[in-house]
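Numbering follows the working numbering, with no gaps: position 85 of the sequence shown is 140.
Just so you know, even glycine gets a beta-carbon here, dropped at the ideal spot from N, CA and C.
As structure tokens, the structure follows; a few thoughts come after it.
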Amino acid sequence: MARIAFIGLGNMGGPMAANLVKAGHEVTGFDLAAPVLQAAEEHGVKAASHISQAVSDAEIVVTMLPQGKHVLSAWTDILRSIAAGTLVIDSSTIDVDSARQAHAMASNAGCLSLDAPVSGGTGGAASGTLTFMAGGSDEAFAKAKPVLEAMGRKIVHCGDAGAGQAAKICNNMILGISMIGVCEAFALGEKLGLSHQALFDVASTSSGQCWSISTYCPVPGPVPTSPANNDYKPGFAAALMLKDLRLSQEAALSTGASTPLGAEASQLYALFEKQGNGARDFSAIIEMLRGKTE
Ligand code: NAD
């Protein structure tokens with residue numbers, strides 16, 4: 056069992072750190088928000104009063120923070136306070152350039168590093184069934200894998216520094232585009248007098264099949280567990296989908312990749328958020344696409 060420091064104990068980090076404790080690791084945590092830190096203590100996480108105290112004795116450090124700028128600032132503090140050879144893992148969803156910068160900082164400090172963003176949301180974080188997509192050296196991945204397995208079900212080594220973030224934003228760009236496609240099809244089906252169930256029965260077993268219809272159907276009824284049956288409570292909030300689509304578009308710009316549907320999806324989610332829907336599940340965009348909230 057390892058001594059692990061966990062920085063950022065919010066909606067995702069809190070339950071992830073709790074699963075590390077359950078697996079028998081000794082976990083010391085830090086978060087800028089006192090209530091979040093207290094909640095983590097209730098799950099067996101030892102609370103530190105500042106970041107350097109949390110990490111100074113750690114064999115492995117995990118960060119789970121909002122954006123690239125938070126990760127770079129936290130890693131600057133962390134790398135000053137840990138021994139050479141310590142492994143630092145960032146599981147936040149951030150831009151590929153910041154992820155690569157964080158790896159370079161760790162390498163300069165003689166530390167191992169991994170970008171390991173997750174898919175699976177707060178439900179997956181609580182149940183320990185996240186998918187991790189990792190970027191970094193074979194040595195860093197081999198050391199991280201048993202620890203990530205305490206928080207996730209599938210751990211994929213995607214390549215070198217930044218490859219985990221690259222996989223995450225490409226996957227979520229597919230998701231944003233496919234959800235809009237599925238919503239448009241249901242909105243068109245409604246105009247054509249087609250029942251939701253009939254369209255679901257056909258498309259979920261035909262060439263239109265995808266996760267956005269089969270698992271996360273954006274209309275109530277066909278998939279009883281989807282947020283559409285629960286007044287579009289997230290699930291996966293539209294603001295987070297917009298964040299990930301914007302990251303995909305930053306990456307497209309910096310690499311010269313052509314992603315016209317990713318760009319359109321990003322604009323549609325920006326409009327949806329502007330209309331006050333950022334905290335709703337991302338599948339609620341069907342209402343805007345029907346024209347109800349314009
Ligand atoms: P959150 O806002 O609930 O948690 C982030 C935490 O980081 C907060 O508690 C905040 O106080 C803390 N924090 C910020 N700066 C800090 C610093 N310098 N030192 C210590 N603590 C600091 O966010 P979340 O939903 O847990 O998401 C975390 C990351 O995971 C994001 O990058 C998000 O995109 C990604 N993600 C979220 C989900 C989801 O469904 N919520 C799913 C997959 C990935």
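Nearest-angstrom Cα distance between phenylalanine 291 and threonine 184?
-> Residue 291 sits at position 236 when you count from the first residue of the sequence shown. Residue 184 sits at position 129 when you count from the first residue of the sequence shown. Their Cα atoms are separated by approximately 16 Å.
Can you grab the Cα-Cα spacing for the pair proline 90 / lysine 101, in whole Å?
-> To locate residue 90, count along the sequence shown from 1; it is residue 35. To locate residue 101, count along the sequence shown from 1; it is residue 46. Distance between the alpha carbons of proline 90 and lysine 101 is about 14 Å.
CB of tyrosine 271 within 9 Å of CB of alanine 293, strictly = Position 216 of the sequence shown holds residue 271. Position 238 of the sequence shown holds residue 293. No, these two residues do not count as a Cβ contact at 9 Å.
Between the Cα of alanine 334 and those of Gln122, Ser267, Asp286, spot the shortest distance and give me the residue it belongs to.
-> Taking the first residue of the sequence shown as 1, we reach residue 334 at position 279. Checked all of Gln122, Ser267, Asp286; the closest Cα to alanine 334 is Asp286.
Could you tell me whether any non-hydrogen atom of the ligand NAD is closer than 8 Å to the CB of serine 128?
-> Start at 1 with the first residue of the sequence shown, and residue 128 comes out as number 73. Flag set: Cβ of serine 128 near the ligand NAD.
Taking all protein chains shown into account, decide if cysteine 248 is buried (16 or more other Cβ within 10 angstroms of its Cβ) or exposed.
-> Taking the sequence shown and counting its residues from 1, the one referred to as residue 248 is at position 193. The amino acid at residue 248 is misidentified as cysteine; the sequence shows glycine. When all chains shown are included, glycine 248 counts as exposed.
Please go through the stretch 68-96 and give each complete alpha helix (DSSP H) segment of 4 or more residues, from N-terminal end onward.
-> 68-77, 89-96
Going by the C-beta, is alanine 88 closer than 8 Å to any heavy atom of the ligand NAD?
-> Working through the sequence shown from its first residue, we reach residue 88 at position 33. Yes, Cβ of alanine 88 sits closer than 8 Å to a heavy atom of the ligand NAD.
Residue interval of the alpha helix (DSSP H) (run including aspartate 193) | Numbered from its first residue, the sequence shown carries residue 193 at position 138. Looking at the DSSP string, the run of the alpha helix (DSSP H) that includes aspartate 193 is 193-203.
Paired residues, beta bridge with serine 14 - DSSP = Because the chain is modelled from 56 through 349, residue 14 falls outside the range shown and cannot be assessed.
Report yes if the C-beta distance between aspartate 150 and glycine 123 is below 9 Å; otherwise report no.
-> As a working mapping, residue 150 is identified with position 95 in the sequence shown. As a working mapping, residue 123 is identified with position 68 in the sequence shown. Their beta carbons are under 9 Å apart, which means aspartate 150 touches glycine 123 by this criterion.
Give the C-beta separation of serine 338 and methionine 234 to the nearest angstrom, bearing in mind that I take them to be a contact with Cβ-Cβ under 8 Å.
-> Taking the sequence shown and counting its residues from 1, one reaches residue 338 at position 283. Taking the sequence shown and counting its residues from 1, one reaches residue 234 at position 179. Confirmed, Cβ separation roughly 6 Å.
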